[in-house]
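Colleague:
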Amino acid sequence: MTNRRQFIQATAAVTASLFLPRSLFATTPNKSFWFLHADTQACWPVADPVRWSLDHAHEPILERATEGLRKLTPDDGDRIIRLVVRRCHLNLLELHADQVVVHHWASHRADLRAFFETHRLARPEVEVVLRDRKKEIVTTQHGDDFLFGYRLAAEFPLDLYLSKWASRFNLQPDDWTPAPGTRSGYAWEGVEDNRIPWAALKSAWRQAAPMICQNCDTPTILTNFGKPWTGMFNRSPKFVHVCGACHRSFRDETVKDVAGWMEANLEVEVRPGYEMVWDRRVKLEPKA
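Every number in the working numbering is 2 more than the matching position in the sequence shown, counting from 1.
1) Within its chain, find whatever has a CB closer than 6 Å to the CB of R84; leave out the 5 residues flanking it on each side and keep chain order.
2) I'd like to know whether the C-beta atoms of F227 and A261 end up nearer to each other than 8 Å.
3) Name the one or two DSSP bridge partners that W207 has.
4) Taking just the CA atoms, how far does A201 sit from D177?
5) Residues in its own chain within less than 8 Å of E71 by CB, not counting five upstream and five downstream?
6) Which partner residues does A168 have in the DSSP bridge list?
7) Hey, would you say L160 sits closer than 8 Å to G246, going by beta carbons?
8) Would you report the Cα separation of V270 and A155, rounded to the nearest angstrom?
9) Where does the unbroken alpha helix (DSSP H) through F118 begin, and where does it stop?
10) Would you call D281 buried or exposed, if buried means 16 or more other Cβ atoms sit within 10 Å of its Cβ?
11) By DSSP, does L95 sit in helix, in strand, or in coil?
12) So, with DSSP's three-state summary, where would you put E271?
13) Would you tell me roughly how many angstroms separate the C-alpha atoms of P126 and D195, rounded to the nearest one?
14) From this set, V193, N172, G233 and H121, which residue's C-alpha is nearest P182's C-alpha?
15) Could you spell out where the beta strand (DSSP E) holding W54 opens and where it closes?
16) How about P180 and R208: are their beta carbons less than 8 Å apart?
17) Using the Cβ count rule (16 or more neighbours within 10 Å means buried), how would you classify E287?
18) Tell me whether P23 sits in a helix, a strand or coil according to DSSP, three-state version.
19) Tell me where the alpha helix (DSSP H) around L71 begins and ends.
20) What separation, rounded to the nearest whole angstrom, lies between the Cα atoms of M234 and V279?
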């Protein structure tokens, strides 16, 4: 006799399947399957995920599902997939030319960014169907939602930064005006507190090695540096880089000595003259 929970799960599974444009095991051109382990990020291709699961039931990666797999046959395809994604923290990825279907169990969804970057799937035209096999809930996103970094805010003046970066070797009349959106924890004479003048950013662009974009493998542009206040008693290094190609920003967590970084990467004449202590300027004494 079917209880209420089993009925709801069965109904949810049927309903969810209506939202999927392709059957999991349908034979179509340009289709492949991959397993991706949510905990280790290990991944491997399989020709038939059901057959592979049954054939490898004895292996450590499927140990937690072994007992259940021994009771099933190839005719139990969907039950097998639900079992291995639930018990083994595996994600099954079904790749089509313009779509990726990801089968996962609740919060055990793998970080897809590295896989998408490797397989060139992090593109806006790629449809990503996320299928939670626990509740049979289907959500749809786009490939570029799985790029590394943070999506730039709509109001971020990227074109202005790109233009300034292209002129980093040139003197311009507005070099001592503040770059929009900067927050440094330092102050320059004649410039608003905490804001970084273009002259200082240009110096860093000329001197410091750029961070390489994790998505595009191209140099990024430094858009903020410093040690701003993050609470009543805490300050934290903040180095933000932006990629003009994929429109993502990145935090560089490797710099701990901000003063040393500025000494190494800012020309003397564009270094800040003050450190901000909450809302008060404290003069920085030049090193001997």
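No residue lacks a Cβ here, since even glycine has one placed at the ideal position from N, Cα and C.
Modeller: The answer reads as follows:
1) R135
2) The answer is no: Cβ separation not under 8 Å.
3) In the DSSP output, where bridge partners are listed per residue, W207 has none listed.
4) 5 Å
5) The residue you asked about is not Glu; residue 71 is Leu in the sequence shown. Annotation for L71: S55, L56, A59, L64, I82, L85 and V86 place their beta carbon closer than 8 Å to its own, counting only its chain and skipping 5 residues before and after.
6) Paired residues: none, contrary to the question.
7) With contacts defined as CB atoms closer than 8 Å, L160 and G246 qualify as a contacting pair.
8) 33 Å
9) R115 to T120
10) Under this definition D281 is an exposed residue.
11) strand
12) helix
13) 39 Å
14) Closest option to P182, Cα to Cα, is V193.
15) From DSSP, W54 is part of no beta strand (DSSP E) but of the alpha helix (DSSP H) over P51 to D57.
16) No, the pair does not count as a contact, with Cβ atoms beyond the cut-off.
17) exposed
18) Confidence at P23 is low in this model, with a pLDDT of 36, below 50, so its placement is unreliable and no value can be given for it.
19) T68 to L71
20) C-alpha separation (whole angstroms): 10 Å.
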